[in-house]
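Trainee:
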Amino acid sequence: MAVPAQEYETRITRARALMAERGMDGLVVTDPTTFFYFSGQRAPAWMRQRPNVFILPLEGDAAVISWSGPGMFARLYGRPYPSWVEDRRIYPEVPFDADARVDWGIRGVLEDRGLQDAAIGIELGRETWLGIPHGDFLRLQDDLPNVRFVESGPVVWGCRMIKSEWEIEAQRQACAIGGRAWKRCFEELRPGITSAEIQKRIIGYYLEEGADLDSGPPTALGATGPGGAFQAGDVLYLDGGCHFEGYHMDFTRRAVFGPPSDRQRREHDGMWEILFKVMDRMTPGTGMAEIFEYSQSLLAGTDFVNYSDHPAKRIGHGIGLETEPPSINRFDATVLQPGMTLTPEPKIESPDGLVNPEEHVAIREHGCEILSTDPGWELFVVD
Numbered sequence: 003m004a005v006p007a008q009e010y011e012t013r014i015t016r017a018r019a020l021m022a023e024r025g026m027d028g029l030v031v032t033d034p035t036t037f038f039y040f041s042g043q044r045a046p047a048w049m050r051q052r053p054n055v056f057i058l059p060l061e062g063d064a065a066v067i068s069w070s071g072p073g074m075f076a077r078l079y080g081r082p083y084p085s086w087v088e089d090r091r092i093y094p095e096v097p098f099d100a101d102a103r104v105d106w107g108i109r110g111v112l113e114d115r116g117l118q119d120a121a122i123g124i125e126l127g128r129e130t131w132l133g134i135p136h137g138d139f140l141r142l143q144d145d146l147p148n149v150r151f152v153e154s155g156p157v158v159w160g161c162r163m164i165k166s167e168w169e170i171e172a173q174r175q176a177c178a179i180g181g182r183a184w185k186r187c188f189e190e191l192r193p194g195i196t197s198a199e200i201q202k203r204i205i206g207y208y209l210e211e212g213a214d215l216d217s218g219p220p221t222a223l224g225a226t227g228p229g230g231a232f233q234a235g236d237v238l239y240l241d242g243g244c245h246f247e248g249y250h251m252d253f254t255r256r257a258v259f260g261p262p263s264d265r266q267r268r269e270h271d272g273m274w275e276i277l278f279k280v281m282d283r284m285t286p287g288t289g290m291a292e293i294f295e296y297s298q299s300l301l302a303g304t305d306f307v308n309y310s311d312h313p314a315k316r317i318g319h320g321i322g323l324e325t326e327p328p329s330i331n332r333f334d335a336t337v338l339q340p341g342m343t344l345t346p347e348p349k350i351e352s353p354d355g356l357v358n359p360e361e362h363v364a365i366r367e368h369g370c371e372i373l374s375t376d377p378g379w380e381l382f383v384v385d
C-alpha cells in the first residue's frame, strides 16, 4: 500500500494555498515527521546529528537536503531514491569543519529560489519542532538577514490535521493489524505471564500481521505479582500499538485474570458507555472544549475518581503519523472537520490502575467512524 503520487501533489497544493493565505513565500521543514509527510523520505528521529530538510517555495520546485546515505544506497543497490523530489542536495555525513554553528545548505536553496528577501515559514511555535540545532538556526538568520522567519504551524497542521482517504485507510489497516495481534495474545494469556512477555509476543505478532518493521511494543500495565507477573484479580491494560506505512494505531483494551469483581465490571462498562456518548458528540462543527466539558459532565454524575478533573488534562488527541494536534481539552480552539482522526479517551483512576477507554476514530460528515473495531471493547476474561 505504497503512498500514491497523488497524495504528495495534494499535500503540496494545500500547503501552497495555506502559505499564500498567510503571506509566506517559502516553507522550510526540519522536523523528521513532517519532512517524511511532505517528501516521502523517512527520517528517523534518532538520527539527530544528520538533519533532513524539505524546502517548498510558493512557486517553483521543491528541494530536499539530506546526508549522502539515501543517494548512495540508491546508486549502489539499484534502488529508487526514497523521495519524489528531484532537487536533492547533500551535506557531509557530519560537519567536519570546526564551526560552532553549521550551514546545512538551507541558505543555498533559498538563494537559488530567489528567497533571500522573503517570508519563510519554519518550526518556531508550540506545536512544531525545529530539527536543526538552535545555534545553526541563528547562523541561518545571520546569513540571511533580510529573510523574515515565521511560524510554520498553521501550514503544517493545516495540511496534516485533515487526512485523505488514503491516510484514513492506512490508519484503519494499522488498527486491524494491531487488533489481530492483541487478539492472538489475549487468547494465550494465563496467570504468571509477565508484562515483558506480553510485549514480546505482541511485537512478533505485529510483524507477522504486516505492521511496519519499526513498530514498537504497546504499553502493558497492571501486573502485581513477583517479577511483573499477572495473577488472579489483575487487570491487563494495553495502550498504543503498531503502525502501517508510518501511520499509527492508538486505542486501549483490557483483560482481567479470573472472574471480574462487580467494581471492575462496573468501571469498565461504565467508562465505555461514557466514551460512546462522547463519540456521539464528535460531529463536524463541534469544538474540543465542548467535547471536553460534556465528558466532564458525564463523569461528574458517577462516583469514579476522575483523572481529567484538572482543566489542563486532556481526554484525547489527534492521531496520524504520531500523536498530533488537536487536544480534546478545555483550551484547544480547534473545531472538528471531516477527515480528522482522533482518539477520544476519558479517564478515571481505579484500584487496578488507569481506566481510559479509547477508540481510534475518523470524523465524517455524519459523525464518528470507529476504525478500531477488533478486538471489541468488552472486558476480556482470562480463564
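Numbering-wise, this note's numbering comes out as the position in the sequence shown, counting from 1, plus 2. Don't be surprised by glycine CBs; every beta carbon is placed ideally from N, CA and C.
Per DSSP, residue 41 forms a beta bridge with which residues?
Mentor: DSSP, once it has assigned bridges, lists no residue as partnering residue 41.
Trainee: Quick one: Cα of residue 356 to Cα of residue 368, how far?
Mentor: Taking the straight line from one Cα to the other gives about 31 angstroms.
Trainee: Quick one: what's got a C-beta closer than 6 angstroms to residue 290's C-beta in the same chain, skipping five residues either side?
Mentor: Cβ neighbours of residue 290 beyond the five flanking positions: 328, 330, 334, 336.
Trainee: So residue 389 is in the beta strand (DSSP E); what residue range does that whole segment cover?
Mentor: It is not possible to answer for residue 389, since the shown part of the chain is limited to 3 through 385.
Trainee: What residues match up with residue 343 in a beta bridge as DSSP calls it?
Mentor: According to DSSP, which records beta bridges pairwise, residue 343 is partnered with 364.
Trainee: Do residue 246 and residue 198 have their C-beta atoms closer together than 8 angstroms?
Mentor: Result no, Cβ atoms of residue 246 and residue 198 do not sit closer than 8 angstroms.
Trainee: Within a Cβ cutoff of 6 angstroms, which residues of the same chain sit near residue 119, ignoring the five residues on either side of it in sequence?
Mentor: So the qualifying residues of the chain are 148.
Trainee: Helix, strand or coil for residue 371, going by three-state DSSP, please let me know.
Mentor: Looking at residue 371 - three-state DSSP - the assignment turns out to be strand.
Trainee: What are the uninterrupted segments assigned as beta strand (DSSP E) that are 3 or more residues long and contained completely in the region 199-242, given in chain order?
Mentor: The qualifying runs are 221-223, 237-242.
Trainee: Given that a residue counts as buried once 16 or more other Cβ atoms are within 10 Å of its Cβ, and exposed if not, what is residue 115?
Mentor: Result: buried.
Trainee: Among 25, 371, 303, whose alpha-carbon lies nearest the alpha-carbon of residue 157?
Mentor: If we check each option's Cα against that of residue 157, 25 comes out closest.
Trainee: Just to confirm the assignment, what range does the alpha helix (DSSP H) spanning residue 297 have?
Mentor: Run containing residue 297: 290-302, per the alpha helix (DSSP H) assignment.
Trainee: Pull up the distance between the alpha-carbon of residue 46 and that of residue 53, whole angstroms please.
Mentor: Near 9 angstroms, if we compare the C-alpha coordinates of residue 53 and residue 46.
Trainee: Please list, in chain order, all residues of the same chain as residue 89 whose beta carbon is under 6 angstroms from its beta carbon, the five residues on each side excluded.
Mentor: Here the set comprises 63, 65.
Trainee: Check for me: the beta strand (DSSP E) holding residue 324 runs from which residue to which?
Mentor: Careful: residue 324 lies outside any beta strand (DSSP E) and carries neither H nor E.
Trainee: Classify residue 332 as helix, strand or coil using the three-state DSSP reduction.
Mentor: Note: residue 332 maps to coil in three-state DSSP.
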